[in-house]
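Chains as they are written, first to last, in our numbering: chain S, 73 to 323; chain G, -11 to 334. Notes to accompany the following structure.
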Ligand SMILES: [Fe+2]
Ligand SMILES: [Fe+2]
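The structure is reproduced here in structure tokens:
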């Protein structure tokens, strides 16, 4: 875990764009929280360790990113739902293990490809991305391995994985909307690389890329604009409750 | 010509070798001969210990989603993850005695093997996370440090790894309580309430008084156990009293006072009726903890089946045993492994 105050070994270039820092930081924070909900309920002991590893990596990234643009706890605990800038995909409830793995596959592939691009550039997120991309490579590897096992395991696991991939597909379009402050990243090229990577894994797992709509008709993937799904409000209520119950206290 | 059956001679010779090794403080290793009762005792103890690690994740996981700062959230996640890791080490140690994890889990789920009764108490407030770290992990360390010299090699080695992490847990719990104790009035009250509730159950963690401990004498002779329950309990009290003072918190025992003659603290009587009731299944959370564990196991069955089916399909040369029962452990990235703590590098 990198302490929030020393995120980098390289000096970052230029001012940090707030919308982009919140977008990346909130993605990591919200997914870390969701993965933390698995603690004590994983299907096998090794997965208790693995899911916690991933959650801890993401929480570390979130703390670094949020600290770039404010106080990490104020941002995490005192913002209202509409001020969060994460994509809706990461806030979706865990569901069964296949659902969690499908969410991990979609998101880790996106985050890996995005961070790899940011790490190559000389923007303000390059130092963070260079470190985080190594962590995320493991997250993606974990998700891909489980996608293979579930897709090409038993008929039941195949069916559960297929349903999970379909259910989360409508949250994938948002990953490729332009983010203010990440101007060096071409969303179309990112989508193409993502589709190749995820599609390749799914074919190997005897599954297919879903064909339904990749966004819904109303919010059209509005997480980056602060429009979230209903379960997210309850997630925040739980996450923020204790902190908000003791205004000004330190922990 | 001999009048004694060869097996009897062999057995006597083997026992002599085993006894001599134990007497000389040498380690017994998995391939060494050992008496059946020694093996059975070890399996029972290691299984109970492993089960305690994984059931013990529940009361603390109860607060991961509500941790009041991101720093505390990271520390707590890492701690609960460590406990899963401890479970893994200990189930592996039990495997060296010829009993698999699946078999032990089945026994736990069927209520035929125990876990530490302390985890049948609820975590009602955030301060309970601190009280568990300070008192429960503290008591565990007091119990477990001598186990690092246990006569059975794999168990002793597992305990060395476990103890390193437990002492970190204990410090974090203490530090969490200190922050509360020095915080607002409400935070201080929360810390005091948690200590009031966890103190006596922590003392019970050392087991019944020496006169009533059914397995102790034999375990001491085999050097599985090195100190009596009462000795360890007294050691723990001696450590905690000054720490409570530094915390600015009181311990809920009016009889607690320093005894010049013995050089130890005297403490009041423990409510063994409560202990026995919780042991019998009548604690506040016995049913909940076991139900949650069973549920996680049952809900995970299709995942484990899928992993086994996949491994069988993709094994290079399928052996007679078929697929592996557990997926390959997905442990540790270069950046954060299960034994790394967020604070250790801060
Ligand atoms: Fe432990
Ligand atoms: Fe512990």
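In this text, a Cβ means the ideal position worked out from N, Cα and C, and glycines have one as well. Treat the numbers as computed from the prediction; the structure is a model and nothing was measured.
Exercise for review: Mind checking who residue 247 of chain G pairs with in its DSSP beta bridge?
Suggested key: DSSP, once it has assigned bridges, lists G:252 as partnering residue 247 of chain G.
Exercise for review: Determine, using beta carbons only, whether residue 191 of chain S comes closer than 8 Å to chain G.
Suggested key: Contact with chain G is absent for residue 191 of chain S, since none of that chain's Cβ atoms lies less than 8 Å from the residue's Cβ.
Review point. In or out: residue 119 of chain G buried (at least 16 other Cβ within 10 Å) or exposed?
Key: So residue 119 of chain G ends up on the buried side.
**Study point:** Cβ-based burial, residue 5 of chain G [other Cβ within 10 Å; buried from 16]
**Key:** By the neighbour-count rule (16 or more Cβ atoms within 10 Å), residue 5 of chain G is not buried but exposed.
Practice item. With 8 Å as the threshold, decide whether the Cβ of residue 298 of chain G is near any Cβ in chain S. Key: It does: the Cβ of residue 298 of chain G has a partner Cβ on chain S nearer than 8 Å.
Review point. So, does the CB of residue 121 of chain G fall closer than 8 Å to a CB anywhere in chain S?
Key: Closer than 8 Å: no.
Practice item. State the Cα-Cα distance for the pair residue 250 of chain S and residue 319 of chain S, rounded to the nearest angstrom. Key: Roughly 36 Å between the two C-alpha positions.
Review point. CB of residue 99 of chain S to nearest heavy atom of ligand 2: below 7 Å?
Key: Answer for residue 99 of chain S: no, Cβ out of range of ligand 2.
Exercise for review: Take residue 208 of chain S and list the residues in its own chain whose beta-carbon comes closer than 8 Å to its own, dropping the five residues that flank it on each side.
Suggested key: Excluding its 5 nearest sequence neighbours in each direction, residue 208 of chain S has C-beta neighbours in its own chain below 8 Å: 129, 180, 183, 184, 187, listed in chain order.
Check your understanding: Between residue 225 of chain G and chain S, is there a C-beta pair that is closer than 8 Å?
Key -> Chain S contact via Cβ: absent.
Exercise for review: Would you check if the stretch 137 to 157 of chain S and the stretch 101 to 108 of chain G touch, i.e. whether three or more CB-CB distances between them fall below 8 Å?
Suggested key: The stretch 101 to 108 of chain G is not in contact with the stretch 137 to 157 of chain S.
Practice item. Would you list the residues sitting across from residue 140 of chain G in a DSSP beta bridge? Key: Bridge partners of residue 140 of chain G according to DSSP: G:16.
Check your understanding: In terms of residues, what are the limits of the alpha helix (DSSP H) holding residue 96 of chain S?
Key -> 90 to 108 is the extent of the alpha helix (DSSP H) around residue 96 of chain S.
Check your understanding: Can you pull every residue whose C-beta falls closer than 5 Å to some heavy atom of ligand 2, listed in chain order?
Key -> Counting every residue whose Cβ lies closer than 5 Å to a heavy atom of ligand 2, we get G:125, G:154, G:157.
Practice item. Between the Cα of residue 115 of chain G and those of G:84, G:139, G:174, spot the shortest distance and give me the residue it belongs to. Key: In terms of Cα proximity to residue 115 of chain G, the closest of G:84, G:139, G:174 is G:174.
Review point. Should residue 121 of chain S be listed as close to ligand 1, given that the test is whether its C-beta is under 7 Å from any heavy atom?
Key: Within 7 Å of the C-beta of residue 121 of chain S there is not a single heavy atom belonging to ligand 1.
Check your understanding: Given that a residue counts as buried once 16 or more other Cβ atoms are within 10 Å of its Cβ, and exposed if not, what is residue 77 of chain S?
Key -> With a pLDDT of only 44 at residue 77 of chain S, under 50, the local geometry of the prediction cannot be trusted, and no value is derived from it.
Practice item. Could you tell me which of S:285, S:205, S:221, S:171 sits nearest to residue 303 of chain G, measuring between CA atoms? Key: The shortest Cα separation from residue 303 of chain G among S:285, S:205, S:221, S:171 belongs to S:221.
Exercise for review: Give a single yes or no on whether residue 41 of chain G has its beta carbon closer than 7 Å to a heavy atom of ligand 1.
Suggested key: Annotation for residue 41 of chain G indicates a beta carbon within 7 Å of some heavy atom of ligand 1.
**Study point:** Simplified DSSP assignment, three categories, for residue 226 of chain S
**Key:** Residue 226 of chain S: coil per DSSP, three-state reduction.
Practice item. Decide if residue 301 of chain G is buried, meaning its Cβ has at least 16 other Cβ atoms within 10 Å, or exposed. Key: With fewer than 16 other beta carbons inside 10 angstroms of its own, residue 301 of chain G counts as exposed.
Exercise for review: Label residue 158 of chain G either buried or exposed according to how many other C-beta atoms from any shown protein chain fall within 10 Å of its C-beta, with 16 as the threshold for buried.
Suggested key: With a 10 Å radius around the Cβ and a threshold of 16 neighbouring Cβ atoms, residue 158 of chain G comes out buried.
Check your understanding: Taking the alpha helix (DSSP H) that residue 133 of chain G falls in, what are its first and last residues?
Key -> Where residue 133 of chain G is concerned, there is no enclosing alpha helix (DSSP H), given that its DSSP letter is neither H nor E.
Check your understanding: With residue 53 of chain G and residue 105 of chain S assumed to form a contact (beta carbons below 8 Å), what rounded beta-carbon distance in angstroms separates them?
Key -> Contact holds; Cβ gap of about 7 Å.
Review point. Quick one: is the Cβ of residue 150 of chain G within less than 7 Å of any heavy atom of ligand 1?
Key: Checking every heavy atom of ligand 1 against the Cβ of residue 150 of chain G, one is found closer than 7 Å.
Point to revise | C-beta contact flag for residue 75 of chain G and residue 41 of chain G at 8 Å | key: Yes, these two residues count as a Cβ contact at 8 Å.
Practice item. Please check if any C-beta of chain S sits within less than 8 Å of the C-beta of residue 310 of chain G. Key: Confidence at residue 310 of chain G is low in this model, with a pLDDT of 44, below 50, so its placement is unreliable and the value that follows should be read with caution. Closer than 8 Å: no.
Check your understanding: Mind listing which residues of the stretch 157 to 181 of chain G have their C-beta closer than 7 Å to chain S's C-betas, in chain order?
Key -> Here the close residues are 167, 171, 172, 174, 175.
Practice item. Quick one: using the 10 Å Cβ neighbour count with 16 as the cut-off for buried, is residue 203 of chain G buried or exposed? Key: Burial call: exposed.
Check your understanding: Mind listing which residues of the stretch 302 to 322 of chain S have their C-beta closer than 7 Å to chain G's C-betas, in chain order?
Key -> Taking a C-beta cut-off of 7 Å against chain G, the contacting residues of the stretch 302 to 322 of chain S are 310, 311, 313, 314, 315, 318, 321, 322, listed in chain order.
**Study point:** 8 Å Cβ cutoff, residue 268 of chain S in contact with chain G
**Key:** For residue 268 of chain S, not one C-beta of chain G is nearer than 8 Å to its own C-beta.
Point to revise | Per-residue contacts from residue 164 of chain S into chain G (C-beta, under 7 Å) | key: Under the 7 Å cutoff, chain G gives no residues; its nearest Cβ is about 16 Å from residue 164 of chain S.
Review point. Is the beta carbon of residue 92 of chain G less than 8 Å from the beta carbon of residue 38 of chain G?
Key: Between residue 92 of chain G and residue 38 of chain G, the gap from beta carbon to beta carbon is short of 8 Å.
Exercise for review: Would you mind giving the Cβ-Cβ distance between residue 140 of chain S and residue 93 of chain S, rounded to the nearest angstrom? I have them listed as a contact below 8 Å.
Suggested key: The C-beta separation of residue 140 of chain S from residue 93 of chain S comes to about 5 Å, placing the pair in contact by the 8 Å criterion.
**Study point:** chain S contact for residue 287 of chain G (CB, 8 Å cutoff)
**Key:** Closer than 8 Å: yes.
Exercise for review: Would you please state the rounded distance, in angstroms, between the beta carbons of residue 217 of chain G and residue 196 of chain G? I believe it to be under 8 Å.
Suggested key: A Cβ-Cβ separation of about 7 Å places residue 217 of chain G in contact with residue 196 of chain G under the 8 Å criterion.
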